[in-house]
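When you read off a place in the sequence shown, starting at 1, and then add 4, the result is the number in the working numbering.
Inspection log for the structure reproduced underneath, given as C-alpha cells.
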Amino acid sequence: MIFCCRNAAILRHITATQNIMQNMPENVDIAASYIKQGKVVAFPTETVYGLGANALNPIAVARIFEIKERPYFDPLIVHIAETTQLKDLCSSIDDRVYALAEKFWPGPLTIVLPKSKAVPDIVTAGLPTVAVRMPAHDVALELIRKSECPIAAPSANKFGQLSPTCAHHVRKQLTNVDYIIDGGKTTLGIESTIVQLAPDGFTILRYGIITENELSEILPAGYGSAKDQTFAPGMMKSHYSPRKKLYIAYDVEPHLDISKAGLISYSGKLEKDAYKKIVRVAPNKDLKEYAANLFEALHSLEDDEEVNVIVAEPVDESGIGRAIMDRLKKAAYAWC
Ligand code: AMP
Ligand code: MG
Numbered sequence: 005m006i007f008c009c010r011n012a013a014i015l016r017h018i019t020a021t022q023n024i025m026q027n028m029p030e031n032v033d034i035a036a037s038y039i040k041q042g043k044v045v046a047f048p049t050e051t052v053y054g055l056g057a058n059a060l061n062p063i064a065v066a067r068i069f070e071i072k073e074r075p076y077f078d079p080l081i082v083h084i085a086e087t088t089q090l091k092d093l094c095s096s097i098d099d100r101v102y103a104l105a106e107k108f109w110p111g112p113l114t115i116v117l118p119k120s121k122a123v124p125d126i127v128t129a130g131l132p133t134v135a136v137r138m139p140a141h142d143v144a145l146e147l148i149r150k151s152e153c154p155i156a157a158p159s160a161n162k163f164g165q166l167s168p169t170c171a172h173h174v175r176k177q178l179t180n181v182d183y184i185i186d187g188g189k190t191t192l193g194i195e196s197t198i199v200q201l202a203p204d205g206f207t208i209l210r211y212g213i214i215t216e217n218e219l220s221e222i223l224p225a226g227y228g229s230a231k232d233q234t235f236a237p238g239m240m241k242s243h244y245s246p247r248k249k250l251y252i253a254y255d256v257e258p259h260l261d262i263s264k265a266g267l268i269s270y271s272g273k274l275e276k277d278a279y280k281k282i283v284r285v286a287p288n289k290d291l292k293e294y295a296a297n298l299f300e301a302l303h304s305l306e307d308d309e310e311v312n313v314i315v316a317e318p319v320d321e322s323g324i325g326r327a328i329m330d331r332l333k334k335a336a337y338a339w340c
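Given below as C-alpha cells:
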C-alpha cells in the first residue's frame, strides 16, 4: 500500500511487517496453554486477526462476546485444523462439504453445517447450524492443533468497528485480551466467504475472496443469493465502521472540503492534489490488493489527526469487487 501526502513528496511503501514472534514456537505454545485454560487469545489468519477461545467451552466463549461487546445473537465461526474435526462439530456432513474442503481448505471459506450436540449454543447463537472454517495460516493451524480443540473466533475488534489486519489493530481496540500472537500483516485482508448449502444449491451469506463462480464449479446446482433471505444472523447493514465519516466516492457531497479528507484510491482516477492524504491500495490495479489493504487504509485514516473524513473509491460489484463493496457499503452505512 502506498501513502501519498499532499505538499510533501513522501511516499512510503508499507510492506508486511514480519514480526519475529511469528516464528517462535514458544509463543504458540503459550497461546495454546491459555486456550486450554479457557482464556482468550488473538491470533493471525490469512483473512483478519481472530479472537479465539475453546469452542467447546461455553464460559471461555462468553468472554469473546464480552471483550468484543458483541451481541449474543451473532454466531461465531469455529476454526479447525483437520477435516476429521468436522465429525465432532457436525451432525451430518454431505459429500459436497468434502468437495469444498478438498478445493478450498485450508482457505478463506466458511461452511455452515448442521451442528452436533457438542457445540455449545452460545457459539451458534442458538441456531441448529455451526459455521466452520480451516484457516490457511501456519500459526493459526498450529495454535488449533496445540490447543487440542476447535477454536471459536470472530474478528478481533470491537463489534461493528474496523476489522484488524495486524496485531497493532487488535491492541488499538481490545485492551483485555489474555494473549496476542503477532504474525504481521494478514495476506488476504477481508473476512472469509460464508456459504450455506441447501438441498438443491447454495447461498452465499457473506462475500469474500472465494467468489460465486468458484463455488459454482464445485456446487453446480441452483444458486440463491443472500439478498433473497429475509434473515441471516450477523448480516447487519452497518458494520466494519471507521470512527470518521466515510463516503463511497459516488456519494460524495459536492460541498465536501477535501483538504481535510483522506482518499482511498484504487484506479488513480479520483486523485486530486487537494486531498489531505491519498492511500493507494492497489499499486498493480488488482482487486486482491484492494481487499488486502482496505482495512489497513481505513485504520490509518481513522488514526490520522489531520484527516476528518474518508472517501473511498468504489469498484464493480462482481467477483472480489462484490466483497470489497460489501465492506465499503456497511462501513459507510452508519454515516449515511
Ligand atoms: P465473524 O464475525 O467474522 O466471525 O463472522 C461471523 C458471521 O458468520 C456471523 O456474523 C454470521 O453472519 C455468520 N455465521 C456464523 N455462524 C452462522 C450460522 N450458524 N448460520 C449462519 N451464519 C452464521
Ligand atoms: Mg467481524
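Backbone N, C-alpha and C define an ideal beta-carbon position, used for all residues, glycine too.
Between valine 123 and the set Glu106, Asn58, Ala144, the nearest pair of CA atoms involves Asn58.
For the beta strand (DSSP E) assignment, the uninterrupted runs of no fewer than 3 residues enclosed by the segment 35-59 are, from N- to C-terminal side, 45-47, 54-58. Per DSSP, leucine 147 is one residue of the alpha helix (DSSP H) stretching across 142-151. For the pair of segments examined, the segment 236-252 was found to touch the segment 320-338: the number of CB pairs separated by less than 8 Å reaches three.
Approximately 5 Å separates the beta-carbon atoms of alanine 156 and valine 127; this is inside 8 Å, confirming the contact. Taking the Cα positions, leucine 274 is about 38 Å away from tryptophan 109.
In terms of Cβ geometry, valine 82 and proline 154 form a close pair [threshold 7 Å]. A check of alpha carbon separations from alanine 286 across Gly130, Leu147, Asp204, Ile268 identifies Ile268 as the nearest.
Valine 256 and glutamate 317 have their alpha carbons spaced roughly 10 Å apart.
From the listed residues Asp204, Ala35, Val319, the smallest Cα separation to proline 224 is found for Asp204. In summary, glutamine 200 is buried, with 16 or more beta-carbon neighbours lying within 10 Å of its beta-carbon over all protein chains present. Of the heavy atoms belonging to the ligand MG, at least one sits nearer than 6 Å to the Cβ of serine 159.
Taking each of Glu218, Ser196, Ala202 in turn and checking the Cα distance to tyrosine 211, the smallest one comes out for Ser196.
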